[in-house]
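J.:
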Amino acid sequence: MQRQSTMSFRPYQLGETALAAPRQMWLASLGAAAITRDWVQTEARQTFKSLVKEGTIVESRAVTFVGDQIEGSMSRANTMWKQTRATVESGVKQAAETAVALAQKALPRNLPKIELPPMMSKPAAKRATKAGKTAKARVVKARAGKVVKKAKRVVKGAAKR
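Reading the sequence shown from the start, the letters are residues 1 to 161 in our numbering.
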């Protein structure tokens with residue numbers, strides 16, 4: 001004798017379950033949309049405002065950092081420029097002195113002496129060079145100041161938004 005199973009197969013129940021599943025998914029999605037809408041209307045505004053505030057703080061720190069880096073780079077560039085200029089000037093001066101010494105040895109001593117015009121004498125040339133250096137330094141400092149001021153304006157403008 002065969003034993004019968006206590007479970008019975010009910011095809012109509014399987015069909016009802018299969019038809020109910022998409023409806024339940026639809027209702028769950030609809031519920032999620034309603035809850036999300038409520039959340040956006042109440043809590044999301046505050047969350048969004050706090051995110052904007054934090055973003056503004058991070059942006060201002062970044063702009064300040066970049067401004068400081070630019071200022072430091074400009075300072076290092078000015079130092080390198082001064083060192084390079086001094087090296088080139090001393091090299092040219094040494095080459096000129098060597099050329100003069102060679103010319104004095106090679107040329108006869110009885111040639112007439114040539115006087116340079118007053119504007120080409122050393123004291124006046126030194127004064128002009130010194131004035132040019134200070135003017136260039138002022139221009140470089142002014143440019144660096146403008147960059148920093150512009151960065152600060154950007155930060156203030158971002159903070160107002």
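Where a beta carbon is used, it is the ideal one built from N, C-alpha and C, also for glycine.
Please classify Val63 as buried or exposed, where buried requires at least 16 neighbouring CB atoms within 10 angstroms.
T.: Position 63 of the sequence shown, counted from the start, is the residue given in the question as residue 63. By the 10 Å Cβ count, Val63 comes out buried.
J.: For the alpha helix (DSSP H) holding Thr79, just list the boundary residues, first then last.
T.: As a working note, residue 79 is residue 79 in the sequence shown. That run of the alpha helix (DSSP H) goes 45-106.
J.: Does DSSP put Glu115 in a helix, in a strand, or in coil?
T.: Locating residue 115 in the sequence shown gives position 115, where the first residue counts as 1. Here Glu115 sits in coil by DSSP.
J.: By how many angstroms is the C-alpha of Gly55 removed from the C-alpha of Val92?
T.: For this step, residue 92 is matched to residue 92 along the sequence shown. For this step, residue 55 is matched to residue 55 along the sequence shown. Rounded to whole angstroms, Val92 to Gly55 spans 54 Å at the Cα level.
J.: Tell me whether Arg109 sits in a helix, a strand or coil according to DSSP, three-state version.
T.: Counting from 1 along the sequence shown, the entry for residue 109 is found at position 109. The answer is coil: DSSP assigns Arg109 none of H, G, I, E or B.
J.: Rounded to the nearest angstrom, what separates Glu59 and Val52 at their Cα positions?
T.: The residue you call residue 59 lines up with position 59 of the sequence shown. The residue you call residue 52 lines up with position 52 of the sequence shown. About 10 Å.
J.: Whole angstroms is fine: what's the gap from Ala142's alpha carbon to Asp68's?
T.: Against the sequence shown, residue 142 aligns to sequence position 142. Against the sequence shown, residue 68 aligns to sequence position 68. So the alpha carbons of these two residues sit roughly 15 Å apart.
J.: Quick check: the Cα distance between Ile114 and Thr134, rounded to an integer number of angstroms?
T.: The residue labelled residue 114 in the question sits at position 114 within the sequence shown. The residue labelled residue 134 in the question sits at position 134 within the sequence shown. One C-alpha to the other measures close to 33 Å.
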